[in-house]
Amino acid sequence: MREASSTIGVLLVNVGTPSAPTARATRAFLREFLGDPRVLDIPAAARFVLLNAIILPFRPRRSAEAYRSIWMEGGSPLLVHGRAFEDALRRELGVGFAPRLAMRYGNPSIADALDAFRDQEIDRIVVFPLYPQYAAATTGTSLDAAYSLAAARWNVPSLRAVPAFYDDPGFLQAFAEVARPEIDAIRADGVLFSFHGLPERQVRKADEGGAHCLRSAHCCGAIGPANASCYRAQCFATARELAGRLRLDPAAWTVSFQSRLGRDPWIGPATDATVRELARSSVRRLAVICPAFVADCLETREEIGMRAKDDFLAHGGSEFRLVPSLNAHPAWVAAATGLIRRVSGR
């Protein structure tokens with residue numbers, strides 16, 4: 077029997093990206109992404125019809141145009157920044173760790189990363205879902221895929237997972253360090269924390285007692301046993317902590333949720349409506365922070381940095397600033413290193 081490797085693999089999992097900013101590549105990505113029952117959590121027959129009759133015939137072309145507007149020399153921003161983070165983390169962790177980036181959908185794949193760990197004779201792996209707040213459609217499906225693929229192997233590796241880190245001091249401090257200069261640069265009189273949205277039904281599913289989530293206007297005012305796994309509550313907790321670290325006036329910041337899909341009710345308030353409302357009010361200089369994303373991507377660069385900016389300026393705002401995501405910022409690399417070391421025991 078071979079001796080187990082002393083090196084610990086670190087599986088860095090993010091959502092994924094098309095391989096190219098084309099309708100064909102985007103269609104393949106959307107088919108895999110929206111075909112996941114944890115993402116589009118409706119009956120299989122309805123999901124098949126919605127995906128193949130409504131979404132895939134029309135959405136890939138529009139999505140490809142959006143990707144083209146932000147595409148970088150090395151690929152999509154999510155991939156480029158993910159690779160830079162992987163490299164920086166490798167240097168920071170040092171000997172004894174082997175970080176590897178993987179995407180839940182598309183490439184580099186989780187299966188390929190697990191193959192690489194096996195080839196290196198690495199049988200202890202820390203799975204690091206790169207989503208600060210827990211949701212079944214992000215963290216849940218990434219862990220599901222990693223566990224399932226690992227369990228299907230004859231020699232099953234040992235896996236440990238980094239939990240949701242929405243309130244981790246290192247993560248919060250890193251975002252505060254990135255955001256403070258951007259807020260100051262435009263002398264922002266308004267700060268918006270925009271998080272990725274979810275259908276309300278998914279939030280209710282996370283409430284296993286069924287008596288708390290979305291039952292009152294103040295259900296996300298604090299984290300407790302009833303909403304410990306609630307994505308929306310964790311988002312509000314992140315925003316409160318960041319606002320405190322940034323020393324923001326309570327009247328100068330707000331929370332919203334972006335990226336709605338379909339006609340079902342999604343958690344709110346909605347970012348697009350909130351941006352217009354702020355522009356029509358007394359806010360002239362708006363900074364937007366997206367703390368659900370640790371790497372810049374389509375949802376930050378195009379949806380917020382382009383479309384939301386145009387909307388804000390068109391409705392009366394004078395200056396708009398998208399705060400960059402953490403990407404490979406040294407403070408984030410240090411915070412991620414701490415999270416990995418705590419889970420690995422090293």
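Counting in our numbering, the sequence shown runs from 77 upward without gaps. Backbone N, C-alpha and C define an ideal beta-carbon position, used for all residues, glycine too.
When you compare only the Cα positions, how much space is there between A187 and A349? 40 Å
With DSSP run on the structure shown, which of helix, strand or coil describes F241? coil
Under the DSSP definition of a beta bridge, which residues are partnered with S234? R200
Alpha carbon to alpha carbon, how far is Y223 from Q196? 19 Å
Have a look at S95 and A327 and give me their C-alpha separation to the nearest angstrom. 42 Å
What are the uninterrupted segments assigned as beta strand (DSSP E) that are 3 or more residues long and contained completely in the region 240 to 305, given in chain order? 266 to 272
I believe T330 touches L268 by the beta-carbon criterion, under 8 Å. Please report the beta-carbon distance rounded to the nearest angstrom. 6 Å
Could you please give me the residues that DSSP links to I84 through a beta bridge? F173
Top-ranked residue by Cα proximity to R107, from I84, L88, F134, I198: F134
Could you spell out where the alpha helix (DSSP H) holding S95 opens and where it closes? No alpha helix (DSSP H) holds S95; DSSP gives it neither H nor E.
C-alpha distance - A427 paired with P113, whole-angstrom precision: In the structure displayed, the chain extends from 77 to 422; residue 427 sits before or after that span and is not available.
Would you mind giving the Cβ-Cβ distance between C373 and L154, rounded to the nearest angstrom? I have them listed as a contact below 8 Å. 4 Å
Member of V409, P301, A282 whose CA lies at the smallest distance from the CA of G246: V409
For Q209, report the span of its beta strand (DSSP E) as first-last. First-last for Q209: undefined, no H or E at that position.
Decide if W342 is buried, meaning its Cβ has at least 16 other Cβ atoms within 10 Å, or exposed. buried
Could you tell me how far apart the beta carbons of W147 and P97 are, in whole angstroms, since I believe they sit closer than 8 Å? 5 Å
With DSSP as the reference, please indicate the residues paired to T330 in a beta bridge. L268
May I have the straight-line CA-CA distance separating S234 from R422, to the nearest angstrom? 15 Å
On the criterion of 16 or more Cβ atoms from any shown chain inside 10 Å, does G320 qualify as buried, or is it exposed? exposed
Excluding the five sequence neighbours on either side, which residues of its own chain have a C-beta within less than 8 Å of the C-beta of F388, listed in chain order? V351, R352, L354, A355, L362, F396
Reference L337; option with closest CA among C289, D243, V115, L206: V115
So within the region 308 to 355, which uninterrupted beta strand (DSSP E) runs reach at least 3 residues, ignoring any that extend past its ends? 329 to 334
Counting along the chain, where does the alpha helix (DSSP H) carrying F388 start and finish? 385 to 390
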